[in-house]
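Chains as they are written, first to last, in my numbering: chain A, 1 to 255; chain B, 1001 to 1255; chain C, 2001 to 2255; chain D, 3001 to 3255. Before any comments, here is the structure.
Protein chains: 4
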Amino acid sequence: MSNPFHVTVWGEFRHEKKNPRVAEIYPQGMHESIAAFLRGPDIEVRTATLDEPEHGLTESVLDKTDVLVWWGHMAHGDVNDEIVERAKRRVLEGMGLVVLHSGHYAKLFKALMGTTCSLKWREANDKERVWNVMPAHPIAQGIGEYFEIPAEEMYGEPFGIPAPDELIFISWFTGGEVFRSGCTWYRGNGRIFYFRPGHETYPTYHHPQVQRVILNAVDWARPSVRIPDACPNSAPLEALPHDPEAHSHSAVGYK
Amino acid sequence: MSNPFHVTVWGEFRHEKKNPRVAEIYPQGMHESIAAFLRGPDIEVRTATLDEPEHGLTESVLDKTDVLVWWGHMAHGDVNDEIVERAKRRVLEGMGLVVLHSGHYAKLFKALMGTTCSLKWREANDKERVWNVMPAHPIAQGIGEYFEIPAEEMYGEPFGIPAPDELIFISWFTGGEVFRSGCTWYRGNGRIFYFRPGHETYPTYHHPQVQRVILNAVDWARPSVRIPDACPNSAPLEALPHDPEAHSHSAVGYK
Amino acid sequence: MSNPFHVTVWGEFRHEKKNPRVAEIYPQGMHESIAAFLRGPDIEVRTATLDEPEHGLTESVLDKTDVLVWWGHMAHGDVNDEIVERAKRRVLEGMGLVVLHSGHYAKLFKALMGTTCSLKWREANDKERVWNVMPAHPIAQGIGEYFEIPAEEMYGEPFGIPAPDELIFISWFTGGEVFRSGCTWYRGNGRIFYFRPGHETYPTYHHPQVQRVILNAVDWARPSVRIPDACPNSAPLEALPHDPEAHSHSAVGYK
Amino acid sequence: MSNPFHVTVWGEFRHEKKNPRVAEIYPQGMHESIAAFLRGPDIEVRTATLDEPEHGLTESVLDKTDVLVWWGHMAHGDVNDEIVERAKRRVLEGMGLVVLHSGHYAKLFKALMGTTCSLKWREANDKERVWNVMPAHPIAQGIGEYFEIPAEEMYGEPFGIPAPDELIFISWFTGGEVFRSGCTWYRGNGRIFYFRPGHETYPTYHHPQVQRVILNAVDWARPSVRIPDACPNSAPLEALPHDPEAHSHSAVGYK
């Protein structure tokens, strides 16, 4: 696949307008901070936010999106169901999806998982240590054995997800919890990665290893194919030796 | 878990009223034929159909349902979204679900899978040979190496599902196709089994090994727990700090 | 399957003879303590130890063993390769296997996993909190959200295992580590469960929830079939329409 | 990872010397035919065979091998256990492994799987249709919906393998069988791919889509890391206790 590839970072962009602490950490919005560290010669990045028309996710934007990154929290319910369905269809066709932190409760993520996506949580400045349990995975490259985030919101098990196809990171929290923090799923022709860190009141997206994981993830999630959905009536491929008339409905019976 | 347990067989019950061939094979409806071979001293079975109020799936019926069996085909679109959501919630809490044949396209199954659930198909009296690839699985007990269905609709790959947690059966068709015909998924606290055979114009649910698989499946899908969804704010569990000297060997004991 | 079923608890039984602390906690040996809490009207339990002839695992003992429980540590190298091969064959035929703590490095477990089974470790009286991440699993019944072991040896990631078929428990340790503590694998027709806790210098096998997990596990691991290995030459099952003479070797070519 | 990368194709190279039919199809040996279609500007390929010293798999050859391709059949028992152990260690450290056809019974593959790796088989010129059930997988690129091999040995289920981490191809055979023909496993830091086709008396390795799959597979199996085995005693990582007030929002920053 030729470079550059195209990433769209979607941000809810509400906390930044209401909470001065968040605005201080992410002056241009969380989506712009994320976009900034993803941009490079190989990656073209645009952003989209909730309050734009169609949440910034028009068909034409999605046509040019190889990987969608999603951060949302307080306004999941404001995301239009039609846009959710549109983005879900794209993922199943092949578009990559990287879901961050409280995006575990985004309609899009829940629709793709089919489960509750619930978890435990606590805002108490826990230290988080993110352990790398699959060091050969492309998303874990450059991460080492583990990394620490000095203060974060805690997310704890049980996490209401289907068993991940690949479990890459498990987090440890000071307060006594664990969490499956880095998980992949193959859904349709698309690749999905969920990554736990990133509460809006902490500077987590300025953390170099958090950035490295997200950068690895968008590269890993790039599509290799785009296949529209179909449920075709198919002619027999084999010259049937089996006589389709042989089993009349009256002739077949098990009683 | 004490017996008997409770199974609800849901049938669309439309083909039987419109197509005399189907009515001839299943005079009381497909759901009643399925219910009949499931009934026994350990299993209490009720049925429910599309055209009953709330499709027969009231909260009180679901309260008493350990495992729901689902057959639908021509009228998936007529199933009310609220009832789908209700049944999905029950599965995630712990209720078992057995989805049959064209139920691959039921709203309930698609919502739990998160994928297209599309497939290839052909009505041409193909012979189907169902291979048992996981002979130690509870659902495969008594099935042997394989069994044959002399005439069935063909379903072919690619099947638009998440990779099954357990792949039990793979079908071979005369016309040259293969299909993952028996698949399990763990979703939330519930167990889901999809089983391919059962086109309405064939007497497939009178086939002894098809019956045996479905009987095994409802037994396997019985819930061990029922846990309502929650996303709790949690106090820190750890009384900090940990004193490595605090637990002398003499001080620790469970007797 | 009719009860009672038969469990053999295998213990290395060396630490108990050399270390008075271990002998004090497990006066009859660790294997006898484990056997004692497993015994019941439905379960007949025998024990076997390293220094018996054939390590107590004769063909006739294995003939009567539905589930083998394994604890070993300091003397993995003294286990005879032939006995390892014998027990491995039984697991692949259908016998259940429950591997405890330092049994992660047993020849039998490593041969069934195919991987290094390495891990991090530390003897420092860490508190361990064992989180239940799959509450609907039969092995997790009665365990609740988590349980604590006040002092244990630490085992940390990365754990050199194939991705478990089911991940049931994840441990948190005071010192900052996490570990996949309860894992299942389906291998051949047998079921395998690895359970982390149980360092010999702690009274871990007197802990009520540790006992409950092991009791659940032997019940879960009971065989449904016993199928000897075979690699059969098979006659065609289908009346071949395909003419086996049609493709003479000279006639088939891709260049 | 910089190109070119290094592939070693290992061939048993016995059939070619004994059976004129095989020698006619593969005049330089099967390993040389496979090596020939893999060679390119990005891939340096060497070959190694059973009757060379150390079977051609010296430590120095393995030092320079990113991906090992393995074909063996009649002489699995002649492969030295020490060389098997050496190659297995390399896979677990990160080296890729592509196992072809009757290599399902190679000591190396069986040691990595931990299972019997048995299957059904028949030499009867069956037609094989290889279905692509995971079209977005890198190994399936360029393959399309399915491809046909006009005459091959049949391999049938049950195949005695651990459930594959990814199931990419399922084969249909004229005689009525199915087989999981393209399977991946992640083991340690290495990637393993098994690919069914390739009986020595057919020109299967001249088939363009078979070649494409193997070429895709060696690219997919390239290592991202090489990590030697270790089981370290670890100091506690956490400086205890954690002060929930210690990380004020102004104090935490990564820029």
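Idealized CB from N, CA, C, for every residue including glycine. Being a predicted model, the structure only gives us computed values, none of them experimental.
Check, Outcome
"Span separating the alpha-carbon of residue 3073 (chain D) from that of residue 3103 (chain D)", "6 angstroms"
"Where residue 1181 (chain B) falls, given that 16 or more other Cβ within 10 Å makes a residue buried", "buried"
"Contact the stretch 2122-2139 of chain C vs the stretch 2091-2111 of chain C: 3+ CB pairs below 8 angstroms", "no"
"Near-chain A residues of the stretch 3095-3108 of chain D (beta-carbon distance less than 8 angstroms), N- to C-terminal order", "none"
"Listed by chain order, chain A residues near residue 1018 (chain B) by CB distance under 8 angstroms", "Going along chain A, no residue has its Cβ under 8 angstroms from residue 1018 (chain B), so there is no contact; the nearest lies around 16 angstroms."
"Proximal chain C residues relative to residue 176 (chain A), where beta-carbon distance stays under 8 angstroms", "2129, 2172"
"Stretch-stretch touch, CB-based, cutoff 8 angstroms, three pairs: the stretch 1116-1130 of chain B with the stretch 1150-1163 of chain B", "yes"
"Residue 170 (chain A) and residue 98 (chain A) closer than 8 angstroms at C-beta", "no"
"Inter-stretch contact (C-beta, 8 angstroms, three-pair minimum) for the stretch 8-26 of chain A and the stretch 52-69 of chain A", "yes"
"Coarse secondary structure for residue 3030 (chain D), derived from DSSP in three states", "helix"
"Uninterrupted beta strand (DSSP E) stretches inside the stretch 50-128 of chain A (no shorter than 3 residues)", "67-71, 96-100"
"Sufficient close CB pairs (3 or more, under 8 angstroms) joining the stretch 3174-3190 of chain D to the stretch 89-98 of chain A", "no"
"For residue 1016 (chain B), the first and last residue of its enclosing alpha helix (DSSP H)", "1015-1018"
"One or two residues paired with residue 1179 (chain B) in a DSSP bridge", "B:1171"
"Spatial distance of residue 2247 (chain C) from residue 3064 (chain D) (CA atoms)", "Because the pLDDT at residue 2247 (chain C) is just 47, under 50, the model does not fix this residue reliably, and the value given afterwards should be weighed accordingly. Near 41 angstroms, if we compare the C-alpha coordinates of residue 3064 (chain D) and residue 2247 (chain C)."
"Cβ shell of residue 141 (chain A) (< 7 angstroms), same chain only, five flanking positions each side left out", "216"
"Separation of residue 1022 (chain B) from residue 1204 (chain B), as counted between CA atoms", "11 angstroms"
"Closest residue to residue 3229 (chain D) among C:2144, C:2117, C:2233 (Cα-Cα distance)", "C:2117"
"Chain D contact for residue 2092 (chain C) (CB, 8 angstroms cutoff)", "yes"
"Chain A contact for residue 2167 (chain C) (CB, 8 angstroms cutoff)", "yes"
"6 angstroms Cβ shell around residue 3035 (chain D) - same chain, five flanking residues per side excluded", "3009, 3045, 3047"
"Burial state of residue 2091 (chain C), where buried means 16 or more other Cβ atoms lie within 10 Å", "buried"
"Closer than 9 angstroms at the beta carbon, the chain D residues around residue 2186 (chain C)", "3162, 3163"
"Buried or exposed (CB count within 10 angstroms, at least 16 for buried), residue 2082 (chain C)", "exposed"
"DSSP state of residue 3159 (chain D) mapped onto helix, strand, coil", "coil"
"Residue ranges of each alpha helix (DSSP H) within the stretch 178-237 of chain A, 4 or longer", "208-220"
"Residue 3157 (chain D): contacting residues in chain B (beta-carbon distance under 7 angstroms)", "1131, 1133, 1170"
"Anticipated Cβ contact below 8 angstroms, residue 2254 (chain C) with residue 3199 (chain D), distance rounded", "The Cβ separation is near 14 angstroms, so there is no contact."
"Cα-Cα separation between residue 3158 (chain D) and residue 231 (chain A), rounded to whole angstroms", "29 angstroms"
"Test item: CB-CB of residue 119 (chain A) and residue 155 (chain A) under 8 angstroms", "yes"
"Where residue 2254 (chain C) sits in the DSSP three-state scheme", "coil"
"Under 8 angstroms by beta carbon: chain D residues contacting residue 2121 (chain C)", "3231, 3232, 3233, 3234"
"Bridge partner(s) assigned by DSSP for residue 2005 (chain C)", "C:2043"
"Beta-bridge pairing of residue 2048 (chain C) - partner residues as DSSP gives them", "C:2010"
"Where residue 3136 (chain D) sits in the DSSP three-state scheme", "coil"
"Within 8 angstroms, strictly: CB atoms of residue 2057 (chain C) and residue 2087 (chain C)", "yes"
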